[in-house]
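This report refers to the structure that appears directly beneath it.
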Amino acid sequence: MQVAQLKPEIPINDTSNPRPSKWTNAPPKSSAPGTRSHKSAAATPKAFPPDTGLLGVDEGAYWSQMQAGVDWQEDVINGLIKSVVFGFIVTWIAVFEGYDTMPTSEGVSRATTRTVVHSSLAVLGMDFILTGQASTYRVELYFDNIGGLKVRSPVTVSGVRIGRVAAITYDSTQYRAKVTLDIDSQYNFLSTDTQASIYTAGLLGEQYVALEPGAEDAVLKNGATIRHTQSAMVLEELIDAPDKVLSERADVILTSLKRDSGVIRNNPEKMRALVNEQLLPLIDFESM
């Protein structure tokens with residue numbers, strides 16, 4: 001093992017040189033043990049965080065769940081807007097308090113306290129205003145079994161994302177799971193006889209709520225309850241009784257066809273979407 005040695009003569013005017021390697025005989029970097037292996041390991045970064053092994057999850061599934069859990073408009077854009085607004089407010093308050101304070105220790109202390117208090121109140125008030133202007137309305141629904149449904153899971157109509165799951169609680173009066181949905185205000189066409197079902201994206205993907213509008217003219221308002229629901233499919237039930245599940249799904253399709261015959265007759269895409277939502281998950285399962 002080579003050791004760095006100090007050269008015998010160092011000019012007086014160079015003793016303050018910030019590069020001590022200039023005056024030492026240090027061994028070459030390539031001779032340091034482990035240097036080459038460390039460099040090669042650093043040159044090949046992993047595409048996903050290495051901690052997924054500790055979490056006991058697949059890297060692809062972990063990344064997919066992260067992407068599904070983040071809404072670009074709701075989380076990223078709104079977060080940036082709030083950061084800019086809050087930063088401007090806090091800066092303006094700090095400048096005003098600093099300009100208006102007395103140049104003494106007591107004055108600076110008082111100005112600091114006033115800045116913290118006023119900034120906190122202003123940020124809380126603006127956050128309430130910005131959040132309260134969210135263009136969504138809420139509906140409630142009840143399920144016997146929600147499976148692996150989580151808060152922030154997508155809400156779709158014919159495969160198009162129209163909202164997210166806002167809250168999941170247990171109703172002790174009905175002994176069922178209560179799910180609250182946040183629906184974008186632009187999708188205000190959902191009829192009062194809309195049906196809600198919990199599906200899985202693929203065999204092992206995340207679960208989401210799929211809505212199927214009915215034929216009623218009246219539409220859901222903020223705080224309304226969706227009465228027609230279908231609980232999540234449990235994998236064990238599919239394995240034990242696939243014929244029963246297929247029969248139930250066929251009944252759902254027939255009921256929807258009878259109820260929406262006029263709408264489906266003029267809209268073949270609705271028929272295709274209905275069959276895909278009800279049967280494709282089971283067809284994929286059976287083929288595997």
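Counting in full-length UniProt numbering, the sequence shown runs from 1 upward without gaps.
Positions of the beta carbon are idealized from the N, C-alpha and C atoms, including for glycine.
No experiment lies behind these values; they were computed from the predicted model shown.
For residue 114, the three-state secondary structure derived from DSSP is helix. The beta carbon of residue 156 sits closer than 8 Å to the beta carbons of 162, 208, 209, 210, 211 from its chain, once the five residues preceding and following it are set aside; these are given in chain order. Collapsing the DSSP output to three states places residue 135 in coil. Between the alpha carbons of residue 107 and residue 101 lies a distance of about 6 Å.
For residue 97, the enclosing alpha helix (DSSP H) starts and ends at 78-100. Residue 152 and residue 215 have their C-alpha atoms spaced approximately 28 Å apart. Under the three-state reduction of DSSP output, residue 123 falls in the helix class.
Spatial neighbours of residue 138 in its own chain (CB-CB distance under 8 Å, excluding positions within 5 residues in sequence) are listed in chain order as 166, 180, 181, 182, 183, 222, 223. The three-state reading of DSSP puts residue 106 in helix, counting H, G and I together.
Here the alpha carbons of residue 113 and residue 219 stand approximately 51 Å from one another. Here the C-alpha atom of residue 228 lies approximately 57 Å from the C-alpha atom of residue 95. Comparing C-alpha distances from residue 189 to each of 217, 119, 232, 92 shows the shortest one belongs to 217. Ranking 104, 232, 121 by CA distance to the CA of residue 199 puts 232 first. Note on geometry: alpha-carbon atoms of residue 121 and residue 91 lie some 14 Å from one another.
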